[in-house]
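Asker: Take a look at this one; I'll ask things after.
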Amino acid sequence: MKVLIVGGTGLISSGIVKALSARGADLTVFNRGRTDDRLGAGVRHLAGDRNDFPAFEAAIAASGTWDVVIDMICFRPDQAESDLRAFAGRCGQFIFCSTVCTYGNTQTVVPTLETTPPAPHSAYGRDKLACEQLFLRAHAEKKMPVTIFRPSHTYGPGGNVINNLGWEPTFVDRLRRGRPVIVSGDGHGLWQSAYSEDVGVGFAGAAGNPACFGEVYNVVADEVVTWDDYTRRTAAAIGAPPPRLVHLPTDLLLAIDRPRYAALEEIFRFHGVYSSAKLKRVVPAYRTATPFEEGVRRTVAWMDQHGKVARVEDDALEDRLIAAWERFAGEAVKAFSPKP
Ligand SMILES: NC(=O)c1ccc[n+]([C@@H]2O[C@H](COP(=O)([O-])OP(=O)(O)OC[C@H]3O[C@@H](n4cnc5c(N)ncnc54)[C@H](OP(=O)(O)O)[C@@H]3O)[C@@H](O)[C@H]2O)c1
Numbered sequence: 008m009k010v011l012i013v014g015g016t017g018l019i020s021s022g023i024v025k026a027l028s029a030r031g032a033d034l035t036v037f038n039r040g041r042t043d044d045r046l047g048a049g050v051r052h053l054a055g056d057r058n059d060f061p062a063f064e065a066a067i068a069a070s071g072t073w074d075v076v077i078d079m080i081c082f083r084p085d086q087a088e089s090d091l092r093a094f095a096g097r098c099g100q101f102i103f104c105s106t107v108c109t110y111g112n113t114q115t116v117v118p119t120l121e122t123t124p125p126a127p128h129s130a131y132g133r134d135k136l137a138c139e140q141l142f143l144r145a146h147a148e149k150k151m152p153v154t155i156f157r158p159s160h161t162y163g164p165g166g167n168v169i170n171n172l173g174w175e176p177t178f179v180d181r182l183r184r185g186r187p188v189i190v191s192g193d194g195h196g197l198w199q200s201a202y203s204e205d206v207g208v209g210f211a212g213a214a215g216n217p218a219c220f221g222e223v224y225n226v227v228a229d230e231v232v233t234w235d236d237y238t239r240r241t242a243a244a245i246g247a248p249p250p251r252l253v254h255l256p257t258d259l260l261l262a263i264d265r266p267r268y269a270a271l272e273e274i275f276r277f278h279g280v281y282s283s284a285k286l287k288r289v290v291p292a293y294r295t296a297t298p299f300e301e302g303v304r305r306t307v308a309w310m311d312q313h314g315k316v317a318r319v320e321d322d323a324l325e326d327r328l329i330a331a332w333e334r335f336a337g338e339a340v341k342a343f344s345p346k347p
C-alpha cells in the first residue's frame, strides 16, 4: 500500500507513520523539513510548503498516484480546495484529519456520536467543518473516496501535556514543585486525552479499507476523567506530590484575561466526551493501549529533552490569582457565614 502523509513528523502523524510502518506500508511524507524528524528508515520525504498551492499541486502531480493520502495539516477551505486539485483522480482514498471541535462541545447527550449534528462555536471548528463538507461533496461526486477522522485531545512526544486552562508551559514545573494548581469550575468537567500512537493505530487501520470510504469517525481515548483527576494523575505519573487544586470560576478567569484563556472558553470549559465505537467496528485493534500515566511520562521526558518545560517564575499570574482568590474567599466566608 503506497501512502502519502501531508505532515508526517508531527504529534499525531508520527503515530500514524509508526502504525503504517508496522503494517508494511510504502510511506512518503510531505513537509517543509523543519519539525524534529523522528521518522524511521525507509520513509521517503517530499519537501515543500503545502500553503504554496501552485508548487504543492505541481509537486503532487509529479509524484504519481497513491493508494492512500492522509492530510494532517489542512485547517481551512482554501487548503481543502488545493487538496482536491492535487489529489482528485490521483488517490484511492483521501483521509482528512478533522477534529471533535466540529461538534461544538455543548452537547447535552454524552458520549457524542458521529450522528450528533455539528454546531462548532470556534473559528477552528467552523473551518474544519467547512473542509469536511468540501471533501464529502467530492466523495459524493465520485472525485475521490474520502474518510474523515475527528480526534479529540491527543498528547504524546512531540507535543505537550495540557492542563485545564489550556497549554500552560509552566504546568509540569508547577506540579513538580508542589505548587497549587488552578482548575476551572468545580473540577468535575469531563475530559478524554488519547495517546498519539494509539490514535495512529486508528488512522492506519482505516487506510485502504473500503468500508471506511465516505465515513466520519471519532478517534478518542476509552477513558473519561474529571479535570481534578486528570491533574492529580498527571502529577502522580511524573512523581510529583499530590497537587492542591484551587477551583476558580471560569467566568472570572475569562473576565481577567480572555485571550489567554481562549482555549478554556472554546473547549476546556465544556465536557469533552466522545465515542469511538463506530471506529472500533471497522478497526477492532483501535483502543487505548497506552496507560495515561505511561503516556504522560513519555511526553514529559520528550518535553524535558526539548526544553519545553517553563519555570514557574516565568509566569507569575497563576500564583497571583490563587493568592487573590483565597483572600477574597476568606473574607467572603468571614462576612457571610452565619454568626454563632
Ligand atoms: N493534537 C490534538 O489534540 C488534536 C486534536 C484534534 C485534532 N487535531 C488535528 O491533528 C492535526 C495535527 O496533527 P499532527 O499533530 O500530526 O501535526 P502537527 O503536530 O501539527 O505537525 C505538523 C506536521 O506538518 C508539517 N507541516 C506544518 N506546516 C506545514 C506546511 N505549511 N507545509 C508542509 N508541511 C507542514 C510539519 O513538518 P514541518 O514543520 O517540517 O513542515 C509536521 O510534519 C491537525 O489537523 C489538527 O486539527 C489535533
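Take the sequence shown: its position 14, counted from the start at 1, is 21 in our numbering, and no numbers get skipped. Quick reminder that beta carbons are idealized off the backbone N, C-alpha and C, glycines included.
Consult DSSP for PRO73 and reduce its assignment to one of helix, strand or coil.
Answerer: Checking the sequence, you will find Trp at residue 73 rather than Pro. Looking at TRP73 - three-state DSSP - the assignment turns out to be strand.
Asker: Buried or exposed for ILE169, going by 16 or more other Cβ atoms inside 10 Å?
Answerer: ILE169 is buried by the Cβ-count criterion.
Asker: Tell me whether HIS52 sits in a helix, a strand or coil according to DSSP, three-state version.
Answerer: HIS52 falls in the strand class under three-state DSSP.
Asker: Does the beta carbon of ASN171 fall short of 8 Å from some heavy atom of ligand 1?
Answerer: No, ligand 1 has no heavy atom inside 8 Å of this Cβ.
Asker: Tell me whether the segment 221 to 235 and the segment 188 to 206 touch, counting them as touching only if at least three CB pairs, one residue from each stretch, are closer than 8 Å.
Answerer: Yes, the segment 221 to 235 is in contact with the segment 188 to 206.
Asker: Would you call the CB atoms of GLU190 and ARG181 closer than 9 Å?
Answerer: Contrary to the premise, residue 190 reads as Val rather than Glu in this sequence. In this structure, ARG181 does not lie closer than 9 Å to VAL190 by Cβ.
Asker: Taking the continuous alpha helix (DSSP H) assigned at TYR237, which residues delimit it?
Answerer: First-last of the alpha helix (DSSP H) with TYR237: 234 to 244.
Asker: Could you work out which residue in TRP309, LYS285 and PRO84 is closest to LYS135 when comparing CA atoms only?
Answerer: Of the listed residues, the one whose Cα sits closest to LYS135 is PRO84.
Asker: Out of GLU272, ALA284 and ARG288, point me to the one whose CA is closest to PRO127's CA.
Answerer: Ranking the options by Cα distance to PRO127, first place goes to GLU272.
Asker: Using the beta-carbon count (16 or more within 10 Å), is PRO125 buried or exposed?
Answerer: With 16 or more other Cβ atoms within 10 Å, it is buried.
Asker: Just the C-alpha distance for LEU11 and PHE335, rounded to the nearest angstrom, thanks.
Answerer: Their Cα atoms are separated by approximately 56 Å.
Asker: Output the boundary residues of the beta strand (DSSP E) element that contains HIS3.
Answerer: For residue 3 there is no data in the structure shown, the boundaries of the chain being 8 and 347.
Asker: Consult DSSP for GLY99 and reduce its assignment to one of helix, strand or coil.
Answerer: Here GLY99 sits in coil by DSSP.
Asker: By DSSP, does ARG30 sit in helix, in strand, or in coil?
Answerer: Note: ARG30 maps to coil in three-state DSSP.
Asker: Given a cut-off of 9 Å on the beta-carbon distance, is the pair ASP74 and VAL13 in contact?
Answerer: Not closer than 9 Å, so no.
Asker: Within a Cβ cutoff of 8 Å, which residues of the same chain sit near ARG265, ignoring the five residues on either side of it in sequence?
Answerer: Contacts found: GLU272.
Asker: Can you tell me the Cα-Cα spacing of ALA211 and THR106, whole angstroms?
Answerer: Taking the straight line joining both Cα atoms gives about 17 Å.
Asker: Report the residue from GLY47, THR42 and ASP43 whose alpha carbon sits nearest the alpha carbon of SER28.
Answerer: The candidate whose alpha carbon is nearest that of SER28 is GLY47.
Asker: Would the beta-carbon of ASP300 fall within 9 Å of that of ALA243?
Answerer: Reading off the sequence shown, one finds Glu at residue 300, where the question assumed Asp. Yes, these two residues count as a Cβ contact at 9 Å.
Asker: Select from SER344, VAL76, ASP321 and ILE23 the residue whose C-alpha is nearest the C-alpha of GLY163.
Answerer: When only C-alpha atoms are compared, the closest one is ILE23.
Asker: Please indicate yes or no: does the CB of ASP90 lie closer than 8 Å to some heavy atom of ligand 1?
Answerer: Not so, every heavy atom of ligand 1 lies at least 8 Å from the Cβ.
Asker: Is MET5 a contact residue of ligand 1, with contact defined as CB to any heavy atom under 8 Å?
Answerer: A question about residue 5 goes unanswered here, because the residues of the chain that appear run from 8 up to 347.
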